[in-house]
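Reviewing the structure listed below.
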Ligand code: ADP
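Residue numbers (the numbering used here): 79 to 491.
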C-alpha cells in the first residue's frame with residue numbers, strides 16, 4: 079500500500095514543499111510559500127496540471143507550516159496528518175558531523191543549530207521548519223538531507239585552506255562543498271550508465287548557484303564551493319573565488335562594513351554585478367542584442383567553468399569517464415556549453431556533437447544525454463538533476479528503518 083511523504087526546503091523567507099506517494103514516487107502536490115515574515119506573503123499550489131495562488135500574511139515559519147498542512151487537508155491531499163509517514167528536510171550544512179542523511183533527533187537538531195554560524199541565512203528557516211513539524215507531528219520521523227554530506231570523502235589536502243591550522247581545529251574553517259545531493263544523484267546515474275561503481279567524473283552543476291565536482295572512483299575528490307556556497311565559480315549573484323584582500327580594501331574605500339560587503343558578494347555580484355542581470359536567459363538575450371557587459375559576463379562565466387574542468391581533468395590524471403552538465407543553465411544553455419567545450423577540446427581531446435548539443439532539450443527524455451562524438455576521448459553528457467528524488471529516497475528509506483527498528487541513526491546502505 080502506498081504511503082505519503084512530505085519534502086520540505088525552507089529558505090530564509092520561503093518554504094517549498096512537495097507531498098509524494100511512495101513507493102510510486104509520485105508527486106501529489108507541490109507548493110511554494112514566499113515572503114514569510116511579510117504582510118504581503120503569498121503562496122502557490124500546483125497539482126494535476128492546475129495552479130492555485132493565494133495571498134495571506136504569514137509572519138513566521140511555524141505559520142507557514144500550519145498553512146501548508148491546512149491546504150493539504152482542505153484540498154483533501156490528506157484526510158488526516160497521520161497519513162504522512164515521514165518528512166524530509168533539505169539542510170544546507172552538515173559540517174563534519176554528517177557524511178550521509180540522518181533521522182533528526184535532539185543531538186542532530188543541536189548540531190544543525192551549532193552550524194548556523196556558518197550559514198546564517200539558511201539554517202534559521204530550516205530549524206524553524208523542523209521544530210514546527212516536530213511540534214505538530216512529534217512521532218513522525220524527520221530526516222535531514224545535507225548539501226555537504228556527499229563531499230565528506232574529499233582528502234584533507236583538498237579540503238584544507240592554507241590558513242592557521244587552529245582555525246580548522248577550533249573554528250571549523252575548511253572546504254565543505256555544497257549541492258552534494260545533486261552531485262550524488264548524477265554520480266549514481268553515471269554509475270548505472272557505465273555499469274561500474276568506480277566512475278571518474280567532472281560534474282558541472284550550473285544553476286543560479288553553481289559548483290563543479292571532481293568524482294574519483296565514485297566518490298567526491300574535490301569540489302569548487304568552500305566553507306560556504308560563496309566560493310568557486312562565478313554565479314548568478316555570487317562572486318565566486320576572489321582575492322580576499324578586496325574585502326578590507328573596499329570596506330575602507332567605500333566606508334562599508336564587512337557584513338555589507340559579504341552581502342554584496344552574495345547578492346549583488348556574479349553575473350548581476352557585471353551585467354545587471356542574473357537570469358541567464360535574459361543575460362543571453364542582452365548579449366545577443368550587443369550589450370557588451372552581458373557578453374563580458376558570459377565570457378567570464380565560460381572561463382570560470384573551463385578552469386575548474388581543466389583543474390579536475392588534471393586531478394583525475396586525464397582518466398575521465400564523463401564530463402556532465404546539469405541544473406538550469408547546464409541543462410539548457412546550448413551556446414555556453416558549446417563555447418566551454420571549444421575552449422578545452424584540443425587540450426583534452428574531446429569533441430562536441432553539435433547536433434546532439436543543439437537538440438538535447440528535445441531528446442533528453444528518450445536518449446542517453448551524450449553530446450560528444452564517438453571519437454571524443456571521453457563522453458560529454460547532459461543529465462537533468464533530481465535533488466528532490468534523492469531527498470525523498472533517503473527520507474523513505476530512513477523512515478522505514480525507524481519503523482522496523484524503533485530508531486536508527488543513519489541511512490544503512
Ligand atoms: P537554482 O535551483 O539554483 O535556483 P536553476 O538550476 O533552476 O537554479 O537554474 C536557474 C538558471 O537557469 C537561471 O539563470 C535561468 O535563466 C537558467 N535557465 C533556465 N532555463 C534556461 C534556458 N532555456 N536557457 C538558458 N538558461 C536557462
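For glycine and all other residues, C-beta sits at the position ideal for the given N, C-alpha and C.
Model, not experiment: these values are computed from the prediction.
Asked	Found
Other residues of its chain near residue 435: CB distance less than 7 Å, five sequence neighbours each side excluded	412, 415, 416, 449
Proximity test, residue 266 beta-carbon vs the ligand ADP heavy atom, cut-off 7 Å	no
Proximity test, residue 464 beta-carbon vs the ligand ADP heavy atom, cut-off 7 Å	no
Any alpha helix (DSSP H) of 4 or more consecutive residues that is wholly inside the segment 232–282	234–237, 243–249, 258–272
The ligand ADP site residues, beta-carbon cut 5 Å against heavy atoms	285, 286, 287, 357, 358, 359, 405, 406, 407, 410, 411
Buried or exposed by the 16-neighbour rule on C-beta atoms within 10 Å, applied to residue 375	buried
Residue 308 burial status per 10 Å Cβ neighbour count (16 or more: buried)	buried
Where residue 144 falls: helix, strand or coil (DSSP)	helix
Identified DSSP bridge partners for residue 294	297
DSSP three-state assignment for residue 176, whether helix, strand or coil	coil
Limits of the beta strand (DSSP E) - the one that residue 223 falls within	220–224
Where residue 429 falls: helix, strand or coil (DSSP)	coil
Residue interval of the alpha helix (DSSP H) (run including residue 473)	465–483
Cβ shell of residue 426 (< 7 Å), same chain only, five flanking positions each side left out	391, 455
Which of helix, strand or coil DSSP assigns to residue 170	coil
Burial state of residue 205, where buried means 16 or more other Cβ atoms lie within 10 Å	buried
Rounded straight-line distance, which links the Cα of residue 355 to that of residue 371	10 Å
Three-state class that DSSP yields for residue 367 in the structure shown	coil
6 Å CB neighbourhood of residue 176 in its chain, flanking five on each side removed	224, 227
Integer Cβ distance of residue 457 from residue 369, believed to fall under 8 Å	No, residue 457 and residue 369 are not in contact; Cβ-Cβ is about 34 Å, not under 8 Å.
Rounded separation between residue 479 and residue 147 - CA only	25 Å
DSSP three-state assignment for residue 408, whether helix, strand or coil	helix
Own chain partners of residue 444 with C-beta closer than 6 Å, once the 5 adjacent residues on each side are dropped	Confidence is the limiting factor: at residue 444 the pLDDT is only 49, short of 50, which leaves the residue's position unreliable, though a coordinate-based value still follows. No residues qualify anywhere along the chain.
Residues that residue 497 bridges to, as DSSP identifies them	Absent from the structure is residue 497, since the part of the chain shown begins at 79 and ends at 491.
Segment contact flag, the segment 470–478 with the segment 214–223, C-beta cutoff 8 Å, min 3 pairs	yes
Per-residue DSSP class, three states only, for residue 378	helix
Whether residue 84 touches residue 93 by CB criterion (8 Å)	no
Pick from 452, 377, 211 that is closest to residue 421, judged by C-alpha positions	377
Residue 104 (DSSP reduced to helix, strand or coil)	strand
Spatial distance of residue 115 from residue 136 (CA atoms)	6 Å
Cβ contact check for the segment 148–155 and the segment 99–114: 3 or more pairs under 8 Å	yes
Same chain, Cβ closer than 6 Å to residue 209, neighbours up to 5 away in sequence not counted	none
Cβ-based burial, residue 335 [other Cβ within 10 Å; buried from 16]	exposed
Residue 130, buried or exposed, once every other Cβ within 10 Å from all chains shown has been counted against 16	exposed
Residues bridged to residue 289 (per DSSP)	283
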